[in-house]
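Chemist: Once you've had a glance at the structure underneath, I'll fire off some questions.
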Amino acid sequence: MDGRQKCGQAAALFDEKAVFVHMGGSWGTEQELNIIKSGGIWYKQADIHEVSVKIIDNTAILLNRITLIAVVGGNEVTNPFMVTEVYVKQNGSWKLGSLSFTKLLTPGDR
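Going by the UniProt record's numbering, the first residue of the sequence shown is number 1, and it counts up by one from there.
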């Protein structure tokens with residue numbers, strides 16, 4: 001699947017006002033879609049260790065503890081993250097409102 005196909009799938013899921021937080025900064029939906037389309041960040045592999053879901057009215061909050069292998073700017077990197085996804089139910093469907101990657105400390109980081 002190329003960047004345009006991934007971008008189209010993501011655009012259907014993301015709310016136009018969504019926010020994204022990565023290690024390199026934070027931005028809105030348009031920039032996130034451009035990054036996906038260009039291949040600026042390529043998620044190579046995600047090992048999922050824990051998942052939790054909390055639903056509050058029309059809001060779903062997902063916490064995922066993962067180890068992510070990604071290619072960023074041509075360099076392969078591996079990082080432990082807590083990924084927070086916030087979805088809002090609108091007109092019967094769920095839209096992503098926020099996606100945040102928080103790097104977790106490992107014993108060697110202290």
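For glycine and all other residues, C-beta sits at the position ideal for the given N, C-alpha and C.
Predicted, not measured: the structure shown is a model, and the values here were computed from it.
What would DSSP say about Leu62, mapped onto helix, strand or coil?
Modeler: In this structure, Leu62 counts as strand in the three-state DSSP scheme.
Chemist: So the candidates are Ser93, Asn64, Phe14; which of them puts its Cα closest to the Cα of Asp47?
Modeler: Of Ser93, Asn64, Phe14, the residue nearest in Cα terms is Asn64.
Chemist: Where does Asn34 sit, in a helix, a strand or coil, going by DSSP?
Modeler: Here Asn34 sits in helix by DSSP.
Chemist: In this structure, does DSSP put Thr106 in helix, strand or coil?
Modeler: Reduced to three states, the DSSP call for Thr106 is coil.
Chemist: So, is Leu13 buried or exposed, given that buried needs 16 or more other C-beta atoms within 10 angstroms?
Modeler: Exposed, because fewer than 16 other Cβ atoms sit within 10 Å of the Cβ of Leu13.
Chemist: What does DSSP give as the partner residues of Asp47 in its beta bridges?
Modeler: Paired residues: Thr67.
Chemist: Here's the rule I'm using: 16 or more other beta-carbon atoms within 10 Å means buried, otherwise exposed. How should Glu32 be labelled?
Modeler: Classification of Glu32: buried, given that the 10 Å Cβ count is 16 or more.
Chemist: Would you kindly report the start and end of the unbroken beta strand (DSSP E) that includes Asp15?
Modeler: Residues 14-22.
Chemist: With 16 other CB atoms within 10 Å as the buried threshold, where does Tyr43 fall?
Modeler: Tyr43 should be labelled exposed.
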